[in-house]
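**Q**
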Amino acid sequence: MTTTIDADGVACPAPIAQDERVILGHGSGGQLSNALMREVLAPALAAASDGSPLNDAAVVEIAGVRLAFTTDSFVVSPIRFPGGDIGELAVNGTINDLAMMGAVPVALSLGFIVEEGLPLEELRAITASAAAAAARAGARIVTGDTKVVGRGAADQLFVNTSGIGRIPDGVAPSAERAQPGDVVIVSGPIGLHGVAIMSVREGLEFEVEIASDTQGLGRLVEAIVAVEPDVHVLRDPTRGGLSSALNEIASVSRVGMVLDEPAIPIPGPVRAACEFLGLDPLHVANEGKLVAIVPGGTADAVLAAMRARPEGAEAARIGTVVADHPGMVTMRTIVGSERIVDMLVGEQLPRIC
Amino acid sequence: MKYLDEYRDPVLARKLLAEIHRITTRPWTLMEVCGGQTHTIVKQGIDEALPEGVRMIHGPGCPVCVTPLEQVDKALAIAARPDVIFTSYGDMLRVPGSSTDLLALKARGADVRIVYSPLDAVRIALANPDRQVVFFAVGFETTAPANAKAVAEAARRGIDNFSVLVSHVLVPPAMTALLDSPSNQVQAFLAAGHVCAIMGWTEYEPIAATYRVPIVVTGFEPLDLLEGILMAIRQLEECRHEVENQYVRAVRREGVPLAQQQVLEVFEVGPRKWRGIGEIPASGYQLRERFARFDAERKFDVEAIRTNEHPACIAGAILTGDKTPLDCAAYGTLCSPQRPLGAPMVSSEGTCAAFFAAGRGLERGGSFSNAVPLAPIEAGAESPAEVSR
Amino acid sequence: MCLGIPGRITEIRDDGGLPMGKVDFGGVRKDACLAYIPEAVVGDFVIIHVGFAISLVDEVEALKTLEMLAAMGVIEPELATMGPGMSEPAVVSDDEPAGITS
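Protein chains in written order, with this note's numbering: chain A, 1 to 353; chain B, 1001 to 1389; chain C, 2001 to 2102.
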């Protein structure tokens, strides 16, 4: 018996009903994540939020003191990867979200959801790793929580960290503050964390001398702010990569950006891994890098200050903010055409073609 | 990376471009039949930098794009079964079937896994003897040797829980189908470099002679494409119609005979449906009868599934080069990479996705043009980020 | 159908009857099946597609291509090319240093 499916009857008027359920792509940091926030979460949160733009952390003012407050959950798999583990990743991630608001990190919470069966030694080691990362950043882990769930309900270990930090006066980086004439600076080579994770992911394993770049950026931000307290934007390009971060900033600030492709530092093995899988290095996640958008006049001083610190040794100027094509980030190609640098849409899929 | 970076040199690129401009005296229409080449052309803006009048039409060179809706529906039916581990190349996961796609099925709990090589699928079958492992064998002639080897290995090792869902297509029959079409405008072809690495270029010699079209076997890096385009235009300007090889570092006239032999041991040529084009005789591979036990269509009884294409999707016209995405009413509105109607928008190599990613035709209002510099958005307009979603 | 990239063979071994090579792609290393390119030896460059070597890179031809391109002259000392999709010309001159000039 022939089963004929009439595509018109089934699919019309809307195409694939992706928005009925959450899919993996909603967590990947690109357009789908934005859509989830915009269409599902933000409207539901409306009663409890103050409507300010979505930054890495929030600013809460108490008795004239500006505190940055942030939370982040970490579900990376595997929980140990070249260059780190989920414990230090979680602490560094929250330290960095605070730092992107110009805040000096003060205190963190550490919450674990542990899958039954995780070896105790593993838990001990990851906790020690988290503690060490906090100490390096000059912050304290002051509170926490631990829950255990049955086998299969969590992928070995999920971690949540929340943090508070103090924002010095005169410092107010924010996604909507990029202005034409500003210079776009990246603190070092991109693509390391994402490639390190992919290299150990089941189905795609490959050998590469790449380690995750996870590290705290609090001291680097202090160095930037010392030279330019009025840094316009700070952003750490995690999921979704450099292009997603820049596109979001361009969109929120209503400005355009023009990037200089050869100036973007991409290590050889990252480039190779991306060629191999058919991925764009600009879409690959980073964990120990930041983008700083500063007034044109202080760019050189900021670069010098960054390069004086180990976390910023390879800082580079990668583009400028312009008034043209607001919301779009472009790059000049080798034949002289200008191409648009797009955001990641959903989950990054390795391709064959 | 050696043998890649050298072919991205901007100075050499501009030299090639200048030479193309110097020798072009008339309008010409060229076609590349390879998704990877389309990707480089669009990403580097090569077609925008060519002389006025030289048009690149993007042909049906993306195996993901040309996989008929029907094969995707069969894949979905098989993957939905609880006893199946469904393995596939990454880019097939977001290709929409009639009502869903493999990625969504995975979200609902189906065991769908991305593999890098078809041999990985065979290993999964060995490691999971109590499950049925199915591999979605998609591709052009480039991938057929790998897919064939997986079947041959499964046969050699007596693995009985492994099967393949075949959706293989061949390039030369597609080219001749295009050339036979009354609306064909293509005057020269860039042939897919890696297809020809396997098959050689002897099959293209009768095509060049019969239809009097230059065919240049071309690589995938910017310099390769520019040189291939230059060689094709040179032939056109000089009224020649030969097969030439630009991709000399990887392609020989006879191809790789060992690979061709393995393919023909496992597969035979047969008719194949091409998405949006319909059935082209002798344009695909199917498993030979003696490998029938590895045919997933028979094993899971999905041969009877027949599917019609979505009416708003003009994938067929896109794939033959008759229309560009800018001619499609659904482009950028109903259809986008987030919500693709058809495969050319799903695969990052597909013409529509490549156009979308490059922002072509996404400026607000006005007429769409195939080669327009970035249009500034008027102040006070909605954020273009909203418009382009 | 295309994503094949060149890599250098660093080791060759037999895996249950299949010749497998460890291939280095500029710092990324992955195994690939060498069944179709049996003449390949350690040190050779091959094009790898979905875990299989599909071609042996002819290094002599590769060099010839690049040399020919580099030697390609432009008749006028400076020739500006500008396609309809560009906002400014791509200026070509023989003494341009490598890298993008804009």
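Every residue gets a Cβ at the ideal spot worked out from N, C-alpha and C, and that includes glycine.
Do three or more CB pairs link the region 259-267 of chain A to the region 293-305 of chain A at distances below 8 angstroms?
**A** Flag = no, the region 259-267 of chain A and the region 293-305 of chain A do not touch.
**Q** Looking at the structure shown, is A/N92 part of a helix, part of a strand, or coil, going by DSSP?
**A** In the first sequence, counting from the first residue as 1, residue 92 of chain A sits at position 92. A/N92 falls in the helix class under three-state DSSP.
**Q** Run the CB neighbour count on A/V148, radius 10 Å, all protein chains shown included, and call it buried at 16 or more, exposed below.
**A** Numbered from 1 along the first sequence, position 148 holds the residue referred to as residue 148 of chain A. Classification of A/V148: exposed, given that the 10 Å Cβ count is below 16.
**Q** Just the chain B side, please: which residues come within less than 7 angstroms of A/I334 by C-beta, in chain order?
**A** As a working note, residue 334 of chain A is residue 334 in the first sequence. Correct list: R1008, P1010, A1013, Q1044 and P1222.
**Q** Which whole-angstrom value is the C-beta distance of A/F74 and A/G102, which I expect to be below 8 angstroms?
**A** Within the first sequence, the letter at position 74 stands for residue 74 of chain A. Within the first sequence, the letter at position 102 stands for residue 102 of chain A. Wrong, their Cβ atoms sit about 23 angstroms apart, outside the cutoff.
**Q** Report, in whole angstroms, the separation of the C-beta atoms of A/K289 and A/G188, which I expect to be a contact under 8 angstroms.
**A** On the first sequence, position 289 is the one that residue 289 of chain A refers to. On the first sequence, position 188 is the one that residue 188 of chain A refers to. A/K289 to A/G188, Cβ: 6 angstroms. Contact.
**Q** Within the 8 angstroms Cβ cut-off, does A/D342 reach chain B?
**A** On the first sequence, position 342 is the one that residue 342 of chain A refers to. So yes, A/D342 belongs to the interface.
**Q** Could you name the residues of chain B that C/P2006 contacts, counting a contact when the two beta carbons are closer than 7 angstroms?
**A** By one-based count along the third sequence, residue 2006 of chain C stands at place 6. Neighbours of C/P2006 on chain B, chain order: K1002, Y1003 and L1004.
**Q** Rank A/V200, A/R136, A/P105 and A/R151 by C-alpha distance to the C-alpha of A/P119 and give the top, closest one.
**A** Against the first sequence, residue 119 of chain A aligns to sequence position 119. Nearest of A/V200, A/R136, A/P105 and A/R151 to A/P119, Cα basis: A/R151.
**Q** Please classify A/I148: does DSSP put it in a helix, a strand, or coil?
**A** As a working note, residue 148 of chain A is residue 148 in the first sequence. At residue 148 of chain A the sequence reads Val, which differs from the Ile that was named. Reduced to three states, the DSSP call for A/V148 is strand.
**Q** Does DSSP put A/A153 in a helix, a strand or coil?
**A** Here the question's residue 153 of chain A lines up with position 153 in the first sequence. If DSSP states are grouped into helix, strand and coil, A/A153 belongs with coil.
**Q** Which bits of chain A does B/G1278 rub up against, with CB to CB less than 7 angstroms?
**A** Position 278 of the second sequence holds residue 1278 of chain B. The contacting residues do not exist; B/G1278 stays about 15 angstroms from chain A at best.
**Q** Measure from the C-beta of B/Y1116 to each C-beta in chain C and report whether the shortest distance is under 8 angstroms.
**A** Position 116 of the second sequence, counting from 1, holds the residue named residue 1116 of chain B. By this cut-off, B/Y1116 is an interface position.
**Q** Go to B/V1011, then tell me how far its beta strand (DSSP E) extends in each direction, as first and last residue.
**A** Position 11 of the second sequence, counted from the first residue, corresponds to residue 1011 of chain B. From DSSP, B/V1011 is part of no beta strand (DSSP E) but of the alpha helix (DSSP H) over P1010 to I1023.
**Q** Excluding five sequence neighbours on each side, which residues of the same chain lie with their C-beta closer than 6 angstroms to the C-beta of B/D1295?
**A** The residue you call residue 1295 of chain B lines up with position 295 of the second sequence. Counting only Cβ-Cβ distances below 6 angstroms, and skipping sequence neighbours, we find L1287.
**Q** Taking only runs of the alpha helix (DSSP H) that begin and end inside the region 220-273 of chain A, which ones reach a length of at least 4 residues, in chain order?
**A** 241-253, all fully within the region 220-273 of chain A.
**Q** So which residues of chain C does B/V1248 contact, with C-beta pairs closer than 9 angstroms?
**A** Here residue 1248 of chain B is taken as the residue at index 248 of the second sequence, counted from 1. Those within 9 angstroms of B/V1248 in chain C are D2058, E2061, A2062, K2064 and T2065.
**Q** Indicate whether B/A1110 and B/F1136 have their beta-carbon atoms separated by less than 8 angstroms.
**A** Reading the second sequence from its first residue, position 110 is the one you call residue 1110 of chain B. Reading the second sequence from its first residue, position 136 is the one you call residue 1136 of chain B. No; because the gap between Cβ atoms is not below 8 angstroms, this pair is not in contact.
**Q** Would you say A/P269 faces chain C, with C-beta separation under 8 angstroms as the test?
**A** Position 269 of the first sequence, counting from 1, holds the residue named residue 269 of chain A. Yes, because at least one Cβ of chain C sits closer than 8 angstroms to the Cβ of A/P269.
**Q** Run through chain C and tell me which residues come within less than 9 angstroms of B/K1149, C-beta to C-beta.
**A** Looking up residue 1149 of chain B in the second sequence gives position 149. Result: L2018, C2033, A2035, Y2036 and F2052.
**Q** Thinking C-alpha only, which one of B/A1208, B/V1216 and B/Y1211 is nearest B/H1194?
**A** The residue labelled residue 1194 of chain B in the question sits at position 194 within the second sequence. Minimum Cα distance to B/H1194 is reached at B/V1216.
**Q** Residues in the region 1129-1153 of chain B with C-beta within 8 angstroms of chain C's C-beta atoms, listed in sequence order?
**A** So the close ones are G1139, F1140, E1141, T1142, T1143, P1145, A1146, K1149 and E1153.
**Q** Could you give the C-beta distance for A/F81 and A/S212, rounded to a whole number, given that I count them as a contact under 8 angstroms?
**A** As a first step, residue 81 of chain A is located in the first sequence; it is residue number 81 there, counting from the start. As a first step, residue 212 of chain A is located in the first sequence; it is residue number 212 there, counting from the start. That belief holds up - the Cβ atoms of A/F81 and A/S212 are roughly 6 angstroms apart, short of 8 angstroms.
**Q** With a threshold of 8 angstroms between beta-carbons, can A/L246 be considered close to chain B, or not?
**A** Counting from one through the first sequence, the residue named residue 246 of chain A turns up at place 246. Not closer than 8 angstroms to any Cβ of chain B, the Cβ of A/L246 fails to qualify, so no.
**Q** Can you confirm whether the region 2050-2058 of chain C touches the region 1112-1122 of chain B when touching is taken to mean that 3 or more C-beta pairs between the two stretches lie within less than 8 angstroms?
**A** They touch, by the three-pair rule.
**Q** Tell me whether the beta-carbon of B/I1023 lies closer than 8 angstroms to the beta-carbon of B/L1226.
**A** Working through the second sequence from its first residue, we reach residue 1023 of chain B at position 23. Working through the second sequence from its first residue, we reach residue 1226 of chain B at position 226. It is not a contact, given that the beta carbons lie outside the stated cut-off.
**Q** Can you name, in chain order, every residue of its own chain whose Cβ lies under 6 angstroms from the Cβ of A/A99, other than the five neighbours on each side?
**A** The count along the first sequence starts at 1 and reaches residue 99 of chain A at position 99. Taken in chain order, the residues that qualify are L217, G218 and V221.
**Q** Looking at C-alpha atoms only, which residue of B/D1160, B/N1147 and B/W1201 is the closest neighbour of B/P1172?
**A** On the second sequence, position 172 is the one that residue 1172 of chain B refers to. That would be B/W1201, whose Cα lies nearest to the Cα of B/P1172.
**Q** How big is the Cα-Cα spacing for B/A1371 and B/A1177?
**A** Here residue 1371 of chain B refers to the residue found at position 371 when the second sequence is read from its first residue. Here residue 1177 of chain B refers to the residue found at position 177 when the second sequence is read from its first residue. Confidence at B/A1371 is low in this model, with a pLDDT of 29, below 50, so the placement of that residue should be treated as unreliable; the coordinate-derived value is given next. Their Cα atoms are separated by approximately 28 angstroms.
**Q** Considering only heavy atoms of the ligand HEM, does any lie closer than 7 angstroms to the CB of A/I86?
**A** Absence of the ligand HEM from the depicted structure is noted, as is the absence of any ligand whatsoever, leaving it without description.
**Q** Counting only C-beta atoms, is B/H1241 closer than 8 angstroms to chain C at any point?
**A** Within the second sequence, numbered from 1, the residue matching residue 1241 of chain B stands at position 241. So, not an interface residue.
**Q** Beta-carbon of B/H1194 versus every beta-carbon of chain C: anything under 8 angstroms?
**A** In the second sequence, residue 1194 of chain B corresponds to position 194, counting from 1. So, interface residue.
**Q** According to the Cβ coordinates, are B/A1343 and B/A1317 closer than 8 angstroms?
**A** The residue given as residue 1343 of chain B occupies position 343 in the second sequence. The residue given as residue 1317 of chain B occupies position 317 in the second sequence. No, Cβ-Cβ distance for B/A1343 and B/A1317 is not below 8 angstroms.
**Q** Can you name the residues of chain F whose CB is closer than 8 angstroms to the CB of A/S77?
**A** Considering every chain present, this structure includes no chain F. Its protein chains are A, B and C.
**Q** When DSSP labels each residue in this structure, what does A/R339 get in the three-state scheme?
**A** For the purposes of this step, residue 339 of chain A is taken as the residue at position 339 of the first sequence. Strand, per DSSP.
**Q** Could you say which of B/E1203, B/E1238, B/I1198 and B/R1360 lies nearest to C/L2056 if we only look at CA atoms?
**A** For the purposes of this step, residue 2056 of chain C is taken as the residue at position 56 of the third sequence. Measuring from the Cα of C/L2056, the nearest candidate turns out to be B/I1198.
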